[in-house]
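Scroll down for the structure; my scribbles are underneath it.
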Amino acid sequence: MIVGFMIDLFAFAAVNGFLTAVWVLDGSGTWGNVKQIAQHPDTALKMHFWPVWPILGWGVLLVIHFGVVFSVLAFGGRARRHRREVAKQAAAAAIQLGKKSAEHLAAKHRPTALPTGPRRQWVAVMFTDVADSTGLNESLGDEEWARVLGKHREFIKASFVSCGGEVVGSQGDGFLGRFNTPADAVECAVGIQRELHQVEHSAGFPLRVRIGVHAGDAMEDDGDLIGQVVNLAARVTSAAHPGEILVTEPVADAIASDFTCEDRGLKDLRGVSQPRHVLAVRWAPD
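Under numbering that gives the first Met the number 0, the final residue of the sequence shown carries the number 285; numbering is consecutive throughout.
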């Protein structure tokens, strides 16, 4: 604001000097007359000093500008201090709101503590087991069989995940997986058999698996599944033929609208006190 007043003051002096020079150069007066008018302004009208009108008009505006500058300098300091104080308070409030929002979001999305220790859960479980793995190992040799088995492990794990399942155990060439529903487990099993059939057809390598699926309550402890449902799924897998998918009656009831099953009747399963009704899921190469 002070800079603006100084610019106006400089322009006032320059323009008035120019107008006065024009008054002298056009023969209306002399520099002596200008000096006399400066000493006695009341003589300006008598000497027909016409620049007096713009000088007076601009002078009034200059005085008003000066008054504004003086008022701001004299009384604006308190207002500026007040605005700075208000700004500080607003910044502090914004910081507090930010903290509260962060705390609220953290509390909202804070993971709920999972229960510790064993807990019972209904699951669908699936076992896969490579048929005649001993003969394949002997025919390929240890090094080549280890390479093939490593690729097979990657394939089985990826198949489980693609159907919403996860691997909860493995031993040698066998895998135990858990799924949310029997349909997810059977869909995964069918996909595995179709893919392995395609590999055998294109590469001529007979890598076949037995698959068994069962569903029921199991005890879960630190990611492991324990209980009769797991043992029964393992026994059903042992009863399957290479390339076959055997399921128990509860699983067959759950997938009746999505898959076709063939009755295999009651089977005596090793380690199981009573014969169990099993069915084979019908699948065909894709």
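Think of the CB as a built atom: it goes at the ideal place given N, C-alpha and C, for glycine as much as any other residue.
Every unbroken alpha helix (DSSP H) inside the region 107-194 [4 residues or more]: 132-139, 141-161
Per DSSP, D220 forms a beta bridge with which residues? Here residue 220 refers to the residue found at position 221 of the sequence shown. D220 pairs with D223.
Alpha helix (DSSP H) containing V288: first to last residue? No answer is possible for residue 288: it lies beyond the span of the chain, which begins at 0 and ends at 285.
Tell me which residue opens and which closes the beta strand (DSSP E) that E261 is part of. Looking up residue 261 in the sequence shown gives position 262. Residues 260-266.
Across which residues does DSSP place H213 in a beta bridge pair? Here residue 213 corresponds to residue number 214 of the sequence shown, with the count starting at 1. In DSSP, H213 forms a bridge with V124.
Beta-ladder partner(s) of T42, from DSSP: On the sequence shown, residue 42 is found 43 positions in, with the first residue counted as 1. T42 is not bridged to any residue.
Does DSSP put A279 in a helix, in a strand, or in coil? For the purposes of this step, residue 279 is identified with residue 280 of the sequence shown, where counting begins at 1. Three-state result, A279: strand.
Suppose contacts are defined by Cβ-Cβ distances below 8 Å. Is G226 in contact with A217 by that definition? Residue mapping note: residue 226 aligns to position 227 of the sequence shown, counting from 1. Residue mapping note: residue 217 aligns to position 218 of the sequence shown, counting from 1. Yes, the Cβ-Cβ distance between G226 and A217 is below 8 Å.
Within a Cβ cutoff of 6 Å, which residues of the same chain sit near K87, ignoring the five residues on either side of it in sequence? Residue mapping note: residue 87 aligns to position 88 of the sequence shown, counting from 1. Confidence in K87 is poor, its pLDDT being 46 and thus under 50, which makes the residue's placement too unreliable to answer from.
In this structure, does DSSP put I254 in helix, strand or coil? Counted from its first residue, the sequence shown places residue 254 at position 255. In the structure shown, I254 sits in coil (DSSP, three-state: anything other than H, G, I, E or B).
By the three-class DSSP mapping on this structure, what secondary structure does P284 have? In the sequence shown, the residue the question calls residue 284 occupies position 285. Three-state result, P284: coil.
Could you check the C-alpha separation between D257 and A251 for me, to the nearest Å? On the sequence shown, position 258 is the one that residue 257 refers to. On the sequence shown, position 252 is the one that residue 251 refers to. Those two C-alpha atoms are separated by around 10 Å.
Cβ-Cβ separation, K266 to V280 (assumed contact under 8 Å), whole Å: Translated into the one-based positions of the sequence shown, residue 280 becomes position 281. Translated into the one-based positions of the sequence shown, residue 266 becomes position 267. Not quite, the Cβ-Cβ distance comes to about 15 Å (not below 8 Å), so this is no contact.
One question on the structure: do V124 and A232 come within less than 8 Å of each other, judged by their Cβ atoms? To locate residue 124, count along the sequence shown from 1; it is residue 125. To locate residue 232, count along the sequence shown from 1; it is residue 233. Yes, they are a contact pair.
Measure the CB-CB distance between L206 and L195 and report whether it falls below 8 Å. Locating residue 206 in the sequence shown gives position 207, where the first residue counts as 1. Locating residue 195 in the sequence shown gives position 196, where the first residue counts as 1. Yes.
Unbroken beta strand (DSSP E) run spanning L245, endpoints: For the purposes of this step, residue 245 is identified with residue 246 of the sequence shown, where counting begins at 1. Residues 244-247.
Going by C-alpha to C-alpha distance, which of K34, P181, V147 sits closest to A202? Here residue 202 is taken as the residue at index 203 of the sequence shown, counted from 1. Looking at the Cα atoms, V147 is the closest of the given residues.
Taking all protein chains shown into account, decide if S158 is buried (16 or more other Cβ within 10 angstroms of its Cβ) or exposed. Translated into the one-based positions of the sequence shown, residue 158 becomes position 159. Counting Cβ neighbours within 10 Å, S158 comes out buried, since at least 16 surround it.
In the DSSP output, what is V208 paired with across the bridge? Sequence index remark: in the sequence shown, residue 208 carries index 209 (1-based). Beta-bridge pairing links V208 to V129.
Nearest residue (CA-CA) to L286, options E261, L268, F204, R263: Since the first residue of the chain shown is 0 and the last is 285, residue 286 is not available in this structure.
Measure the alpha-carbon distance for G173 versus V166 and round it to whole angstroms. As a position in the sequence shown, residue 173 is number 174, starting the count at 1. As a position in the sequence shown, residue 166 is number 167, starting the count at 1. Those two C-alpha atoms are separated by around 11 Å.
Spatial neighbours of P249 within its chain, please: CB distance less than 6 Å, with the 5 preceding and 5 following residues excluded, ordered by chain position. Here the question's residue 249 lines up with position 250 in the sequence shown. Hits under 6 Å: A214.
For H200, count the other beta carbons within 10 Å of its own beta carbon; 16 or more makes it buried, fewer makes it exposed. Which is it? In the sequence shown, residue 200 corresponds to position 201, counting from 1. Counting Cβ neighbours within 10 Å, H200 comes out exposed, since fewer than 16 surround it.
Express the C-alpha separation of A13 and I63 in angstroms, rounding to a whole number. For the purposes of this step, residue 63 is taken as the residue at position 64 of the sequence shown. For the purposes of this step, residue 13 is taken as the residue at position 14 of the sequence shown. Taking the straight line joining both Cα atoms gives about 19 Å.
Can you tell which of D262, E219, R152 has the C-alpha that lies nearest to the C-alpha of P117? As a position in the sequence shown, residue 117 is number 118, starting the count at 1. Taking only the C-alpha atoms, the option nearest P117 is E219.
Please classify T29: does DSSP put it in a helix, a strand, or coil? Within the sequence shown, the letter at position 30 stands for residue 29. If DSSP states are grouped into helix, strand and coil, T29 belongs with coil.
Roughly how many angstroms separate the alpha carbons of E186 and C162, rounded to a whole number? Translated into the one-based positions of the sequence shown, residue 186 becomes position 187. Translated into the one-based positions of the sequence shown, residue 162 becomes position 163. Approximately 7 Å, taken between the alpha carbons.
Residue environment, A112, which counts as buried when at least 16 other CB atoms sit within 10 Å: For the purposes of this step, residue 112 is taken as the residue at position 113 of the sequence shown. Reliability of the predicted coordinates at A112 is poor, the pLDDT of 45 falling under 50, and no value is obtained from them.
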